[in-house]
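Chains as they are written, first to last, in this note's numbering: chain A, 2 to 158; chain B, 668 to 849.
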């Protein structure tokens with residue numbers, strides 16, 4: 002029983018290793034900066050198949066193909082902006098993790114600041130109303146204090 | 668002040684309704700449908716071998732002058748297999764030319780497939796590396812492009828073309844595009 006268990010464990014581990022080893026092609030670049038360029042780009046771009054992974058992490062075949070495409074373009078001497086434009090022209094802004102600032106995304110970019118402004122003004126108005134009410138209360142109490150004083154002095158007499 | 672007093676008790680309700688609205692909208696959005704960036708743009712240049720007669724090469728010229736569909740498919744794609752009979756039905760209406768893009772496939776398997784299930788495509792481009800598909804912004808199979816007479820992409824179906832999608836979306840669009848001048 003023990004033997005079967007350990008064999009099974011080794012088997013499962015070896016299978017999982019194979020999964021990790023798959024799909025990760027190693028690209029050869031002319032120099033270190035090209036490798037760096039490749040790393041930044043694949044880190045910043047989204048895989049369209051498994052959308053919560055970037056191109057560097059994804060094991061989807063499309064991600065692998067796009068990595069190959071990017072590597073080829075880097076070796077040919079394209080700069081980051083050119084490669085990003087190439088992909089955006091084909092796959093849309095969706096491939097970017099950071100959406101560009103444009104009319105359609107104004108609410109996305111500036112919405113939080115609008116909410117902050119609304120929140121602050123609500124807070125300000127609330128504080129203003131409470132203050133005024135307190136002032137009124139204290140006004141009333143001074144009048145009442147005078148009344149009390151008068152009553153007290155009348156009683157003393 | 669009277670206004671605030673009136674509205675005060677229903678504020679929680681209003682908040683609830685607005686949260687509910689956003690959640691409901693969120694459910695209605697399908698995040699796996701990425702709108703194509705190529706809509707209303709000219710089809711990309713390509714140079715592919717014809718799957719059936721490999722000595723022949725296909726380029727974007729084949730799309731010019733008539734309304735056509737380009738279906739991206741593969742024999743390993745199960746959804747494409749579901750879709751295949753629909754494509755054959757569309758072909759049999761003789762209303763539109765369908766071209767195929769055989770994506771990351773094995774040539775022999777694809778040829779056997781066509782022999783077995785029939786061929787809805789006027790011509791099939793063979794793209795074993797998937798590089799042409801990248802140029803077309805394809806991110807999964809099947810995808811179906813609607814291309815007008817000028818070679819401009821007008822619509823893209825992501826996923827299976829069903830009879831319903833054909834009747835409701837593709838057919839009216841194709842009829843409209845066919846009335847346009849070249």
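Glycine included, C-beta positions come from ideal geometry on N, C-alpha and C.
### Query
If you draw a straight line from the C-alpha of residue 689 of chain B to the C-alpha of residue 698 of chain B, how long is it?
Going by the C-alpha atoms only, they are around 15 angstroms apart.
### Nearest candidate by alpha-carbon position, reference residue 795 of chain B, set B:788, B:761, B:749, B:716
Looking at the Cα atoms, B:716 is the closest of the given residues.
### Query
Which two residues bound the contiguous beta strand (DSSP E) that contains residue 824 of chain B?
Counted as a single uninterrupted DSSP element, the beta strand (DSSP E) harbouring residue 824 of chain B occupies residues 820 to 825.
### Message
Using beta carbons (cut-off 8 angstroms, strictly below), is residue 806 of chain B in contact with chain A?
### Response
Taking Cβ atoms only, chain A reaches closer than 8 angstroms to residue 806 of chain B, which makes this a yes.
#### Entry: Environment of residue 810 of chain B [buried if 16+ CB atoms lie within 10 Å]
Buried, by the Cβ-count rule.
### Query
Quick one, are the C-beta atoms of residue 687 of chain B and residue 816 of chain B less than 8 angstroms apart?
Cβ atoms of residue 687 of chain B and residue 816 of chain B: not closer than 8 angstroms.
### Query
Smallest Cα separation from residue 85 of chain A: which of A:45, A:102, A:103?
For the options A:45, A:102, A:103, the alpha carbon positioned closest to that of residue 85 of chain A is the one of A:45.
### Message
Which residues in chain B have a C-beta closer than 7 angstroms to the C-beta of residue 129 of chain A? List them in chain order.
### Response
What residue 129 of chain A touches in chain B: nothing, since even the nearest Cβ is about 13 angstroms away.
#### Entry: Residue-chain proximity (residue 63 of chain A, chain B), Cβ-Cβ < 8 angstroms
By this cut-off, residue 63 of chain A is an interface position.
### Task
Please classify residue 851 of chain B: is it buried, with 16 or more other beta-carbons within 10 angstroms of its beta-carbon, or exposed?
Nothing can be reported for residue 851 of chain B: it is not among the residues displayed for chain B, which extend from 668 to 849.
### Task
Closer than 7 angstroms by C-beta to residue 758 of chain B: which residues in its own chain qualify, once you throw out the five before and the five after it? Chain order, please.
Only residues of its own chain outside the window of five on either side were considered, and among them 765, 787 have a CB closer than 7 angstroms to the CB of residue 758 of chain B, listed in chain order.
### Query
With a cut-off of 8 angstroms, does the C-beta of residue 818 of chain B fall near any C-beta of chain A?
Not an interface residue.
### Query
Tell me, which residues are paired with residue 724 of chain B by DSSP?
By DSSP's assignment, residue 724 of chain B forms a beta bridge with B:716.
### Task
Determine the contact status of residue 763 of chain B and residue 800 of chain B, defining contact as a CB-CB distance below 8 angstroms.
In this structure, residue 800 of chain B does not lie closer than 8 angstroms to residue 763 of chain B by Cβ.
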